[in-house]
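Undergrad: The following block contains the structure, expressed as C-alpha cells.
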Amino acid sequence: MPREPYYVQSLERGLAVIRAFDAQHTELTLSDVARICGLTRAASRRFLLTLSDLGYVRTDGRLFSLTPRVLELGYSYLSSRTLPDVAEPHLERLVAEVHESSSMSVLDGDDIVYVARVPTSRIMRIAITVGTRFPAYATSMGRVMLAALPDELLETYLSRVKLEPLTGRTLRTPGELRAELARVRLYGHAVVDQELEEGLRAIAAPIRDRTGTVAGAVNISVHAAQATVAEIRARLLPPLLVATAAIEADLRIAATRRPV
172 MPREPYYVQS LERGLAVIRA FDAQHTELTL SDVARICGLT RAASRRFLLT LSDLGYVRTD
232 GRLFSLTPRV LELGYSYLSS RTLPDVAEPH LERLVAEVHE SSSMSVLDGD DIVYVARVPT
292 SRIMRIAITV GTRFPAYATS MGRVMLAALP DELLETYLSR VKLEPLTGRT LRTPGELRAE
352 LARVRLYGHA VVDQELEEGL RAIAAPIRDR TGTVAGAVNI SVHAAQATVA EIRARLLPPL
412 LVATAAIEAD LRIAATRRPV
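Following my numbering, the numbering of the sequence shown begins with 172 at its first residue and continues without gaps.
Written as C-alpha cells, this is what we have:
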C-alpha cells in the first residue's frame, strides 16, 4: 500500500521496536527484535542503540530491555487528560463500597486502553496496569464504547474486526456482536461473562463528556464463583451508575474551569 509523502518510515520502525517488548518479552536479543519487527539485524541494531543512547533501552551486551523512561511517552497523553484524575477518587469510593476491583478505559482503535485502575485482588492471569490493552469486542468497557459509535463507524469496525476466541464463551461472529451491542445501547450497560478470561465477569457503564459523547467507560470485575450475572446486575450496577454520574458531573465542572 503506497504511503503518503509525509510518512516517516523510520519513526514507524522505531516505535515498532519499542512495542516489541511486552509482559511476555521483557528482555529480547537483537535477533528477537529483528524477527518480531520484520527488520534486518543491522536495522534493529541501529534502532536499539539509538534508543539506548536516548535512555529508553538498556542492554548488557546481549539482551535488551526497556527502561522506566519509556513511561514518559505515555505520560504526556495522560497528563493532558482530566479523565483519569477526575475519575480516580470516584473509583476508590466505588471499590470501598462494593469490595471489587474497578477500572476506567478509553477506546484506542480496536482496543481498550486502561487509564485508571483500583484493584482489590488479582483475579486475572494477566496483571492489569495503566496502559494495558485488550480487544474491545471481548470486554465490558469495550462494548459500552463500541455501542456508542455512530452506525457507520460501528459497521466499519464489524467488517474488519477478527473475533479471536479468547475463551470458549467469546462471541464468534460479527452478527452475534452486533446483536449484543444493540442490547448494550438499549440498556445502557454491558456485562461480559467469561469471554475475555475464564472465571472473570465484568459489568461496565459509559462516561460521557459535557457534549454527551462517550469518552470512556468504567467497569467492576468479579470472579465468576462469587456472583452470577443476575447478581452482578442487581448488586453492582446501581453503585456503578452512581459513580459514573459523579465522574460526569466532575468532568463538566473541570471543563468550565479549563482556561481558554
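Glycine residues also receive a C-beta, built at the ideal position from the N, C-alpha and C atoms.
Could you tell me whether the stretch 386 to 395 touches the stretch 271 to 280, where touching means 3 or more Cβ pairs closer than 8 Å?
TA: Judged by Cβ distances under 8 Å, the stretch 386 to 395 makes contact with the stretch 271 to 280, as three or more pairs qualify.
Undergrad: Straight-line CA distance for Ile374 to Phe192?
TA: If you take the alpha carbons of Ile374 and Phe192, they lie about 30 Å apart.
Undergrad: Taking all protein chains shown into account, do 16 or more other C-beta atoms lie within 10 angstroms of the C-beta of Ser236, making it buried, or fewer, making it exposed?
TA: Answer is exposed; the Cβ neighbour count stays below 16.
Undergrad: Please list the terminal residues of the continuous alpha helix (DSSP H) segment that includes Ile207.
TA: Its alpha helix (DSSP H) spans residues Leu201 to Cys208.
Undergrad: Compute the Euclidean distance between the alpha carbons of Leu348 and Gly232, then round it to the nearest angstrom.
TA: Going from the Cα of Leu348 to the Cα of Gly232 covers about 48 Å.
Undergrad: Among Arg340, Arg217, Met312 and Glu366, which one has its Cα closest to the Cα of Ile378?
TA: Ile378 has its Cα closest to that of Met312, out of Arg340, Arg217, Met312 and Glu366.
Undergrad: In this structure, how does DSSP classify Leu220 when only helix, strand and coil are distinguished?
TA: Three-state result, Leu220: helix.
Undergrad: Can at least three beta-carbon pairs, one atom from the stretch 317 to 324 and one from the stretch 393 to 410, be found at a separation below 8 Å?
TA: Touching, no, given that fewer than three Cβ pairs across the two stretches are closer than 8 Å.
Undergrad: In the DSSP assignment, the alpha helix (DSSP H) including Tyr358 goes from what residue to what residue?
TA: Start and end: Pro345 to Tyr358.
Undergrad: On the DSSP letters alone, give me the boundaries of the beta strand (DSSP E) that Ala361 sits inside.
TA: Here the beta strand (DSSP E) through Ala361 covers Ala361 to Asp364.
Undergrad: In three-state DSSP terms, what is Tyr308?
TA: Here Tyr308 sits in helix by DSSP.
Undergrad: For Leu234 and chain B, any beta-carbon pair shorter than 7 Å?
TA: Judged by its chain identifiers, the structure shown contains no chain B, having just a single protein chain.
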